[in-house]
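What follows is one structure encoded as structure tokens, with my remarks underneath.
Residue numbers (UniProt numbering): 1 to 163.
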């Protein structure tokens, strides 16, 4: 894919400065091997695995929620995509959580997993987040900001198989 074709994947209509737009395209093209443009192209973090510390709590298992008939094909497609990409695998372990669908602004449906029971049993991390005011102060002298939407970022860090 050429740099021009790659640039067409991004909506840069809000970037008024042509120099900034060109620099972004060059930078994104340079790192195109780590930028996913489709759910099936997701990579995975190879540096760390997520652990889930539930202390002595038994595994949580919830019954599936009812999926409306009109969304069953969407569910199958999403699950098949995640299976093909190696993000999920079939299993019959002691834990289970139901899926829900959230309708996005563009009319598509986003599949999410209801992990509230697991979250309730999980031992909370004790990492303190930085204060927003401190972050804004550190950015005060910068002139160019960008936002990137990490496609399905939740799937990028694998869970330790023992969890």
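Ideal Cβ positions, reconstructed from N, Cα and C, are used throughout, including at glycine.
The structure presented is a predicted model; accordingly, all values stated were derived computationally and were not measured.
Tell me whether residue 29 sits in a helix, a strand or coil according to DSSP, three-state version.
-> Note: residue 29 maps to helix in three-state DSSP.
Rounded straight-line distance, which links the Cα of residue 141 to that of residue 71 | Rounded to whole angstroms, residue 71 to residue 141 spans 48 angstroms at the Cα level.
Roughly how many angstroms lie between the CA atoms of residue 203 and residue 60, to the nearest whole one?
-> Missing from the structure shown is residue 203; the chain here goes from 1 to 163 and no further.
Rank 117, 127, 99 by C-alpha distance to the C-alpha of residue 109 and give the top, closest one.
-> The residue with the shortest Cα to Cα distance from residue 109 is 99.
Within the chosen definition, does the region 44 to 61 reach the region 85 to 95 through at least 3 CB pairs nearer than 8 angstroms?
-> Yes: the two stretches touch, three or more of their Cβ pairs being nearer than 8 angstroms.
Start-to-end residues for the alpha helix (DSSP H) that takes in residue 79 = Element bounds for residue 79: 72 to 84.
Mapping DSSP to helix, strand and coil, what is residue 109?
-> If DSSP states are grouped into helix, strand and coil, residue 109 belongs with the strands.
Cutoff 8 angstroms; reference residue 139; Cβ partners in own chain excluding five residues on either side | Result list for residue 139: 145, in chain order.
Rounded Cβ spacing between residue 87 and residue 29 (contact assumed at less than 8 angstroms) | With a beta-carbon spacing of about 26 angstroms, residue 87 and residue 29 fall beyond the 8 angstroms limit used to define contacts.
When the Cα atoms are used, what is the spatial distance from residue 21 to residue 158?
-> Between residue 21 and residue 158, the C-alpha separation is close to 34 angstroms.
Rounded to whole angstroms, what's the CA-CA distance from residue 121 to residue 54? Just pull it up for me.
-> Their backbone Cα atoms lie some 5 angstroms apart in a straight line.
Could you give the distance in angstroms between the alpha-carbon of residue 73 and the alpha-carbon of residue 163?
-> Residue 73 and residue 163: Cα-Cα distance of roughly 30 angstroms.
Express the C-alpha separation of residue 46 and residue 114 in angstroms, rounding to a whole number.
-> The C-alpha of residue 114 lies about 26 angstroms from the C-alpha of residue 46.
According to DSSP, is residue 7 helix, strand or coil?
-> Three-state result, residue 7: helix.
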